[in-house]
Every structure is written in C-alpha cells, then in structure tokens.
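Worksheet for the structure shown next.
Structure below.
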C-alpha cells in the first residue's frame, strides 16, 4: 500500500503510475545495473531513435547511472552493457551520491554555513573601484 501511495503522489521514488503503465505497455527490459536501476527501451522518438528510460531503485538520482549505461541511455552505443562485457576504465570513478543540501555537503571556510573567516585573496588580483 505504501508503494502505491508513493507512486501516486511522488515522482522521485522510483516510478509514477504513468511510467509504470507506459513501461508495461511499451517497454522492453534491457538490463539492470549494480545499483538495482532497471533500464528499458521501446517505441520510437520523434527524431527516429528508440526511446530509452530508467526506473531508479529508490530516489531518482540521475548521477546514479553508471558510465556504461549512461552511454547507452544517450545513444552513444546501441549495445547495452548487459549484452557485452563492459568494464569501466581505470579513470572512471565510482558513483558518489549528490550531497548538496545535506549535512555532508562541501562547505568552504568562510561560507555562511560554517564558522570561520574566508581566507584573504592573494595573487595578482586587484579589485576594481570606480574612477580608477
């Protein structure tokens, strides 16, 4: 019952009822990533490419799509990672959630959210003043 209410009244928890219906009607399951997000394909877009979408496990966080699936979602490749032996490159970082707005967000010294004083600007910068 809780999941049904979440699907009716929220869009950030997995999927809405409209997405569930469209996925049931038109979607073909393509695969699932290590985070539990499920990827679908179905129908054609107005520019002639197949429509692709993801149903997130938990909160809808676009940065939670791994690099291989990101390339597939944006039509950079036609072969999804579930159908090939995709391995992330050594320079690709693992996912970290977006911490903006949370207590773990980065707050530089001197910002309004933390105490302390902003470091003095050094270097060759001179502030502009009118009349100079």
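Numbering (full-length UniProt numbering), first residue to last: 1 to 132. No residue lacks a Cβ here, since even glycine has one placed at the ideal position from N, Cα and C.
Spatial neighbours of residue 36 within its chain, please: CB distance less than 7 Å, with the 5 preceding and 5 following residues excluded, ordered by chain position. 57
Where does the unbroken alpha helix (DSSP H) through residue 68 begin, and where does it stop? 67–73
Helix, strand or coil for residue 107 per DSSP? coil
Between the Cα of residue 29 and those of 63, 18 and 42, spot the shortest distance and give me the residue it belongs to. 42
Option nearest residue 118 by Cα separation, candidates 14, 125 and 109: When the alpha-carbon of residue 118 is set against those of 14, 125 and 109, the nearest one is in 109.
DSSP on residue 128, reduced to helix/strand/coil? coil
Could you spell out the range, first to last residue, of the alpha helix (DSSP H) harbouring residue 24? 17–26
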